[in-house]
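The structure appears below as structure tokens.
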Amino acid sequence: MSADFKGMDVVSIRDFSREQIEHVLKLADKMVPIAKGDERSVLLEGHVLGSLFYEPSTRTRLSFDAAMTRLGGRVLGFDQPTGASVAKGETLADTIRMVSAYSDVIVLRHPQEGAARLAAHFSDKPIINAGDGAGQHPTQTMLDLFTIQKAKKDLEGINVVIVGDLKYGRTVHSLSEALAMFGAELTFVAPPTLQIPKEHLKQIESMGHKPRQSASLHEVIKDADVLYVTRIQKERFPDPAEYKKVAGTYRIDLELLKDVKKDLIIMHPLPRVGEISPEVDSTPHAKYFEQAFNGVPVRMALLSLVLGGHR
Amino acid sequence: MKEFKVTPIRNGTVIDHINVGMALKVLKIIGVKEDVTSTVSVLMHVPSKKAGWKDIVKIEDRELDPKELDRIALISPNATINIIRDYNVAEKFVVEVPNVIKGIMRCSNPGCITNQNEPVETEFIVESKKPITLKCVYCDRVTTQIAENIL
Numbered sequence: 001m002s003a004d005f006k007g008m009d010v011v012s013i014r015d016f017s018r019e020q021i022e023h024v025l026k027l028a029d030k031m032v033p034i035a036k037g038d039e040r041s042v043l044l045e046g047h048v049l050g051s052l053f054y055e056p057s058t059r060t061r062l063s064f065d066a067a068m069t070r071l072g073g074r075v076l077g078f079d080q081p082t083g084a085s086v087a088k089g090e091t092l093a094d095t096i097r098m099v100s101a102y103s104d105v106i107v108l109r110h111p112q113e114g115a116a117r118l119a120a121h122f123s124d125k126p127i128i129n130a131g132d133g134a135g136q137h138p139t140q141t142m143l144d145l146f147t148i149q150k151a152k153k154d155l156e157g158i159n160v161v162i163v164g165d166l167k168y169g170r171t172v173h174s175l176s177e178a179l180a181m182f183g184a185e186l187t188f189v190a191p192p193t194l195q196i197p198k199e200h201l202k203q204i205e206s207m208g209h210k211p212r213q214s215a216s217l218h219e220v221i222k223d224a225d226v227l228y229v230t231r232i233q234k235e236r237f238p239d240p241a242e243y244k245k246v247a248g249t250y251r252i253d254l255e256l257l258k259d260v261k262k263d264l265i266i267m268h269p270l271p272r273v274g275e276i277s278p279e280v281d282s283t284p285h286a287k288y289f290e291q292a293f294n295g296v297p298v299r300m301a302l303l304s305l306v307l308g309g310h311r
Numbered sequence: 312m313k314e315f316k317v318t319p320i321r322n323g324t325v326i327d328h329i330n331v332g333m334a335l336k337v338l339k340i341i342g343v344k345e346d347v348t349s350t351v352s353v354l355m356h357v358p359s360k361k362a363g364w365k366d367i368v369k370i371e372d373r374e375l376d377p378k379e380l381d382r383i384a385l386i387s388p389n390a391t392i393n394i395i396r397d398y399n400v401a402e403k404f405v406v407e408v409p410n411v412i413k414g415i416m417r418c419s420n421p422g423c424i425t426n427q428n429e430p431v432e433t434e435f436i437v438e439s440k441k442p443i444t445l446k447c448v449y450c451d452r453v454t455t456q457i458a459e460n461i462l
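Protein chains in written order, with the numbering used here: chain V, 1 to 311; chain Z, 312 to 462.
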């Protein structure tokens, strides 16, 4: 099974079986000392990563750069399409064909949904999806799973509360599907207008789970093992006053955390804009910075697998 | 005496029992355009014993490929195909929804990459045949709005 990774595209988390994800996470764990700089590696020496970011991204882009560089490889590409042939109206298909001739693996962030699938169609090198519009962001899901697994050991039966914009938040959809696949219990907390879409709920239920839904964080936080917070975007609200009210309801502060489980972990894909009060950062619950770091070993594992550096 | 609004054809294909109002879309799906070289008759809003009203399309001197005709099932699942040879029905069959739809439809998601100017044919997996539900291979968007999205 694991030998199949070489040359594989990483477009959607749905393309992966539970065993394949577990394999990636296991390898990611071995990559941690290299990701931290405690050990050196030349595993991907001589390999080139084409890094195409049609949309700004700090964490994802830098962590892919770090992952490739830590393994001895090189990175070329752009972090915004202006000035590139893209700005002159070149199709994604043509750009991909060109870059696949210059590199061994391509990482793509694009505003249009389905862009990564299209890129995979035109590239003879593996494509790693670093987010396509409101679509998929599979490496984010893997690093989230990695973070939870490191803290909780087993995902089976753990109680995960996901709060924020569950309607449009792309990380939430693939993460909740993956968590259901691993047997976690899910609770969705959001104002009614931003609750998890029905078709998505159906998908999770088809995996034999019955997620809870609530509008109140207070009601459900006491027995949570993981609290996953996402940003509520201002532009989703026509009325700024309404936004303020909703955003305030889901703010995580010390007061809210008074009666939670001792080993509750709090995660956030970052950037945060006020969802989590800075006073929470110094509590043992805060895992979001470690989560951001985990992007490096997880992406190292994926790069190494699709390039055949590991089996 | 039975009155014929359009006379029977000698050779060709008759697509009968098209959902009323869908005849022009059927022409689109089977690729009949301005440059057509055979005689095509289009009957719209014809009384039907089975379903009240129906549309009919007759194409003379051309036998269409059954695989292509199956796409018609997307907008008219009860359509029947009659291959006519020398005024007789030589073959008759009901269209069947294919498992994969390539081209002929646009994705209903405006944010989908296939709605940009990319050199790629749309592709949909048929998730359910009743009601017809399609899933875009590229952006995963699921839709039941078929007729509106025919290209």
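Glycine included, C-beta positions come from ideal geometry on N, C-alpha and C.
Test: residue i CB closer than 7 Å to a CB of chain V
{"i": "E429 of chain Z", "result": "yes"}
{"i": "I424 of chain Z", "result": "yes"}
For residue i, the first and last residue of its enclosing beta strand (DSSP E)
{"i": "T187 of chain V", "result": "185–189"}
{"i": "N389 of chain Z", "result": "Careful: N389 of chain Z lies outside any beta strand (DSSP E) and carries neither H nor E."}
{"i": "D229 of chain V", "result": "It is Val, not Asp, that sits at residue 229 of chain V in the sequence shown. Residues 226–229."}
{"i": "E371 of chain Z", "result": "363–371"}
{"i": "V437 of chain Z", "result": "434–440"}
{"i": "I162 of chain V", "result": "159–163"}
Any C-beta of chain Z under 7 Å from that of residue i
{"i": "E255 of chain V", "result": "no"}
{"i": "A115 of chain V", "result": "yes"}
{"i": "G133 of chain V", "result": "yes"}
{"i": "A93 of chain V", "result": "yes"}
{"i": "L175 of chain V", "result": "no"}
{"i": "Q112 of chain V", "result": "yes"}
{"i": "L166 of chain V", "result": "no"}
{"i": "L118 of chain V", "result": "yes"}
{"i": "D15 of chain V", "result": "no"}
{"i": "S2 of chain V", "result": "For S2 of chain V, the predicted model reports a pLDDT of 47, less than 50, meaning its position is unreliable; a value from the coordinates is still stated below. No, S2 of chain V lies away from the interface with chain Z (no Cβ there is under 7 Å from its Cβ)."}
{"i": "R299 of chain V", "result": "no"}
Range covered by the alpha helix (DSSP H) that runs through residue i
{"i": "Y102 of chain V", "result": "92–102"}
{"i": "Q149 of chain V", "result": "138–152"}
{"i": "E374 of chain Z", "result": "Looking at the DSSP string, E374 of chain Z is not in any alpha helix (DSSP H), and its letter there is neither H nor E."}
{"i": "T171 of chain V", "result": "170–181"}
{"i": "P420 of chain Z", "result": "It should be pointed out that residue 420 of chain Z corresponds to Asn in this sequence rather than to Pro. Careful: N420 of chain Z lies outside any alpha helix (DSSP H) and carries neither H nor E."}
{"i": "G248 of chain V", "result": "240–249"}
{"i": "R117 of chain V", "result": "115–122"}
{"i": "M16 of chain V", "result": "Inspection of the sequence shows that residue 16 of chain V is occupied by Phe rather than by Met. Note, F16 of chain V: premise wrong, no alpha helix (DSSP H); not H, not E."}
{"i": "A301 of chain V", "result": "288–306"}
{"i": "E353 of chain V", "result": "Not covered by the structure: residue 353 of chain V. The range shown for chain V is 1 to 311."}
Cβ distance (whole Å) where residue i is taken to contact residue j below 8 Å
{"i": "I367 of chain Z", "j": "V351 of chain Z", "result": "The Cβ separation is near 11 Å, so there is no contact."}
{"i": "N294 of chain V", "j": "D225 of chain V", "result": "So it is not a contact: roughly 18 Å between Cβ atoms."}
{"i": "P56 of chain V", "j": "Q20 of chain V", "result": "Not really, about 30 Å apart at Cβ, beyond 8 Å."}
{"i": "S312 of chain V", "j": "V32 of chain V", "result": "The structure shown has nothing for residue 312 of chain V, since chain V only spans 1 to 311."}
{"i": "F182 of chain V", "j": "R18 of chain V", "result": "7 Å"}
{"i": "K222 of chain V", "j": "D259 of chain V", "result": "6 Å"}
Beta-carbon proximity of residue i to residue j, cut-off 7 Å
{"i": "P138 of chain V", "j": "V306 of chain V", "result": "no"}
{"i": "V325 of chain Z", "j": "K369 of chain Z", "result": "yes"}
{"i": "A35 of chain V", "j": "F146 of chain V", "result": "no"}
{"i": "A130 of chain V", "j": "V107 of chain V", "result": "yes"}
{"i": "L194 of chain V", "j": "K167 of chain V", "result": "yes"}
{"i": "E372 of chain Z", "j": "G323 of chain Z", "result": "This sequence places Asp at residue 372 of chain Z; Glu is not what is there. Result yes, Cβ atoms of D372 of chain Z and G323 of chain Z sit closer than 7 Å."}
{"i": "I383 of chain Z", "j": "I340 of chain Z", "result": "yes"}
{"i": "G309 of chain V", "j": "I232 of chain V", "result": "no"}
{"i": "T230 of chain V", "j": "G169 of chain V", "result": "yes"}
{"i": "A151 of chain V", "j": "V11 of chain V", "result": "no"}
{"i": "Y288 of chain V", "j": "M267 of chain V", "result": "yes"}
{"i": "I424 of chain Z", "j": "Q112 of chain V", "result": "yes"}
{"i": "A334 of chain Z", "j": "I386 of chain Z", "result": "no"}
Residue i: CB within 6 Å of a non-hydrogen atom of the ligand PLP
{"i": "Q136 of chain V", "result": "Because no ligand of any kind appears in the structure shown, any question about the ligand PLP cannot be addressed here."}
TODO: Closer than 9 Å, Cβ to Cβ, to anything on chain Z: give me those residues from the segment 192–219 of chain V, in chain order.
DONE: If the cut-off is 9 Å between Cβ atoms, the segment 192–219 of chain V has E199 near chain Z.
Open item on the list: Residues of the segment 396–408 of chain Z in Cβ contact with chain V at a cutoff of 9 Å, in chain order, please.
Closed with: Within the segment 396–408 of chain Z, no residue qualifies.
Task: Positions along the segment 126–153 of chain V whose CB lies within less than 9 Å of some CB in chain Z - done: Listed in sequence order: D132, G133, A134, G135, Q136.
Task: Chain-ordered residues of the segment 443–454 of chain Z with a beta carbon less than 9 Å from chain V - done: Answer set for the segment 443–454 of chain Z: C447, V448, Y449, C450, D451, R452, V453.
Open item on the list: Output needed in chain order: residues of the segment 322–342 of chain Z with a Cβ under 7 Å from some Cβ in chain V.
Closed with: Taking a C-beta cut-off of 7 Å against chain V, none of the residues of the segment 322–342 of chain Z qualify.
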